[in-house]
Structure formats: structure tokens, C-alpha cells
Amino acid sequence: MIVLGIESTCDETAVSIVRDGRDVLSAVAASQMEHAEFGGVVPEVAARAHMETLPDVYHQALAQSGVEVGRIEGVAVACGPGLVGALLVGVSWAKGFCLGRGLPLVGVSHLEGHIFANRLAFPELQPPFVALVVSGGHTLLAWVRDWGDYVGLGTTRDDACGEAFDKVSKLLGLGYPGGPAISQVAEAGDANAIRFPRGMRKHHNFDFSYSGLKTAVALHVREQGTLSQQQTADIAASFQEAAVDILVDKSLAACRVVRARQLAVGGGVAANRRLRELLDDTGARAGIDCFYPPLELCTDNATMIAAVGDFYLERGAAPPPWMPAVARWPLWPAGKVFAWADPDQPVD
Ligand code: KG4
Ligand code: ZN
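Residue numbering for the sequence shown follows this note's numbering, starting at 9 and increasing by one per position.
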């Protein structure tokens, strides 16, 4: 099945065309640079930028794929969780496209997309396994009993891990997005220079907390006054160590508890080199294989959305014949998709 995937949950406008859930015929993404001057994503600006960019991104994806538009058999759009204004652009565009062409439409979870990025990249990865999704908006651990069947293990109680990277980066004057900037500056720093707190380490559960770490960094920066280049690098490295250390700790503990031998990581923070290094080392000692999608599938993309869509469309995704754009949408209970498979039905 040839599926067109659309992603507009946050600040990435992306369209991909994927055959049979794995064969990527084209993937085009436009990152919105408009937010850099604000040090974070501005929802209204994001929605307007999606409006301007989506038609072009679609035409580029179609041209790159070499596929005639008439050969597209279904459309998948990320309809949550995310910024509602941004989501509405993708969802409305997808509804219009499907209405015009008489195609089935399925609305999928962006979080499930981050898990499916691993399915795309690693055919050998088979449930059950543990998934760690770490991005700018989410930090969660799920037990993937099967594709589409998730048991929640834990989430963040406050900030997301990527959000902490972004905020600390802003504090240190390193720009947005913070993850890549921090990890680059941290290369020259000493990760043991400052012992920042590991949120909820002593709690025997799989929840996370990043607000304490963020505050600890802010207080430290205030105490130091003007920072030298080396001090900045040491803070970046020490912060990064604390942020990823707790992810490794809890993820491997989750694997032990559900007796999983595989851990699949997804989301923008999965691109972090130190996280991968630490997980590989500690995971190997515990006999757990860790999977990280290639960088372009870690950060937001439409290929993962098309892959989830293919999965549900192949299974005849069921009505209701309506599809919202939802700001909050937990990954569990599992298997909930918003499908609109009958072009004769009205759409909200
Ligand atoms: O998955 P994603 O593209 O968007 C969301 O769904 O939120 O993740 C973006 C987040 C940002 O917070 C960004 O700072 C972080 O991922 N990020 C990183 C790295 N690359 C991106 N964090 C740590 N290290 C990186 N190399
Ligand atoms: Zn994401």
C-alpha cells in the first residue's frame, strides 16, 4: 500500500510517501526557523508557517517519490498530541485531500510514530520490548506488548527531557533547539564538574522529573556570574550527564521488570550521542540490546506517521467517521486511532 504521511504537530512541516510501511519513496521536511529568535516554539507562528509551507512540501515529496498522485492509496496524518493550531493545518489539509480524491484517511498518534521509527529502521525488532520516547514534549516509557498494544510504565511529572535541554541552552546563551547545541558544547566539558540532581532516582517507579534539574542549573549559573567558555562547557556536560543518566537508569530498570531484552528509543533526544553511548555500555552489561533510529527518523518526520498509518489502514482502521486535532493524547490504552475510511461520510 502506498501511504502519504503528514506531520504538523509542532515546528516541522513534513510529508513522506511510504510503500508497505517500510519502503520510503520520499521524505521532505521543512524546519521552521521563525522560532529561533524567541528561544522556543510560538504556537501561532507555527500554525501560520505550516499553512505557508505544507503545499510546497507536499509537491516536493510527490515529485521526489516518482509516484503519480493517483497511485496514493491512503493518507495518514498526525492528529495529536501537539499544538492544536499546528495540528489543525495538517489535519484539515489531509481531510481536504482525501475528500477530493476519495481516499481513506487515518489520524495517528505522533508518539506511536516515534516508536514506529524503530520498526521502519529495524525489521529485526519484534515486540515485546520497552520503548523510551524522549522529545521536546514527551518523556515516557512504554511496554510494547505488540505493535499497537502499549502498556504505560511512566512519564514525566513536569518538564520533558528535550524541553530541559532547550531551557538550559537558553540559559547558557547557546540558542534553539537546545539539544544539539548543548551536546556539541558538552564535548569540551567535564561531565563530572558539577553534580546536578537526577530527578526521582530514589522513587521506585518509572516516572521522570526534569524541573528540579533545570532549577539547579539556573541557580548554579546565577551563583557563578559571568561564565567562561570552559565553565559553560562544564555546565553543559554536567547537565547532559544528569539528564541522560536518569533515562538510562529507569529504562534499563523497566526492561528488567517486564523481562524485555530489547529497548527501542525514539524522539529528538534519541539523537543524543552521550545517551546512546551510556545506554549501549550499561545495556550491554545487562544483556539488553538498544535500538536508535537514524537521526532523520529520531526528530519529527512524516515517514514514521506514514508507517503507523500503513499499519492501521492495512488492518481496516475502524470508524468513528470524525477526526479531531488533540493537544493531549496518551499512548495508552492502546490501539486508538481516528479513522475516516468512507469518503461519503461527513467529516467534522
Ligand atoms: O521529537 P522532536 O523532534 O519533537 C518533539 O516531538 O518534541 O524532539 C525535539 C527535541 C528538542 O527539545 C531538541 O532540543 C531535542 O529534541 N534534541 C536533542 C538532540 N537533538 C534534538 N536533545 C539532546 N541531544 C540532541 N542531540
Ligand atoms: Zn516528536
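In this text, a Cβ means the ideal position worked out from N, Cα and C, and glycines have one as well. Since this is a predicted model, take the numbers as computed values, not measurements.
Is the beta carbon of residue i within less than 7 Å of some heavy atom of the ligand ZN?
| i | result |
| --- | --- |
| His122 | yes |
| His58 | no |
| Trp118 | The amino acid occupying residue 118 in the given sequence is His; Trp does not appear at that position. Yes, since a heavy atom of the ligand ZN falls inside the 7 Å radius drawn around the Cβ of His118. |
Just to check, is the beta-carbon of residue i closer than 7 Å to a non-hydrogen atom of the ligand KG4?
| i | result |
| --- | --- |
| Ser191 | yes |
Please name the residue, chosen from the options, that lies closest to residue i on a Cα-to-Cα basis.
| i | options | result |
| --- | --- | --- |
| Phe204 | Asp198, Val225, Tyr184, His212 | Val225 |
| Leu128 | Pro332, Trp337, Gly324, Ala310 | Ala310 |
| Thr61 | Thr240, Ala94, Cys106 | Ala94 |
Put residue i into one of helix, strand or coil per three-state DSSP.
| i | result |
| --- | --- |
| Thr307 | coil |
| Tyr158 | strand |
| Gly115 | strand |
| Val273 | strand |
| Val75 | coil |
| Asp297 | strand |
| Phe216 | strand |
| Asp19 | coil |
| Gly82 | strand |
| Ser259 | helix |
| Val1 | The chain is shown only over 9 to 356; residue 1 falls outside these bounds and no answer can be derived. |
| Ser5 | Because the chain in this structure spans residues 9 to 356, residue 5 falls outside the shown range and cannot be described. |
| Phe319 | helix |
| Thr147 | strand |
| Asp31 | strand |
Please report how far the alpha carbon of residue i lies from the alpha carbon of residue j, in whole angstroms.
| i | j | result |
| --- | --- | --- |
| Met312 | Gly233 | 44 Å |
| Val53 | Val36 | 20 Å |
| Asp242 | Gly197 | 4 Å |
| Ala278 | Pro63 | 29 Å |
| Ala199 | Gly78 | 54 Å |
| Met9 | Arg30 | 10 Å |
| Phe172 | Ala268 | According to the sequence provided, residue 172 is Ala. The question's Phe does not apply to it. Each residue's Cα considered, the two are about 28 Å apart. |
| Gly182 | Cys106 | Strictly speaking, residue 182 in this sequence is Leu, with Gly absent from that position. If I take the Cα positions, the gap works out to 42 Å. |
Taking Cβ positions only, does residue i come closer than 8 Å to chain C?
| i | result |
| --- | --- |
| Gly186 | No chain C is present in this structure, which holds just one protein chain. |
Within the present structure, is the beta-carbon of residue i separated from the nearest heavy atom of the ligand NAP by less than 7 Å?
| i | result |
| --- | --- |
| Gly170 | For the structure depicted, the ligand NAP is absent and the ligand set comprises only the ligand KG4 and the ligand ZN. |
Could you name the residues, in chain order, whose CB is less than 5 Å away from a heavy atom belonging to the ligand KG4? Matched residues: Ser143, Gly144, Gly145, Gly170, Phe173, Asp174, Pro185, Gly186, Gly187, Pro188, Ser191, Gly275, Gly276, Val277, Ala279, Asn280, Thr307, Asp308.
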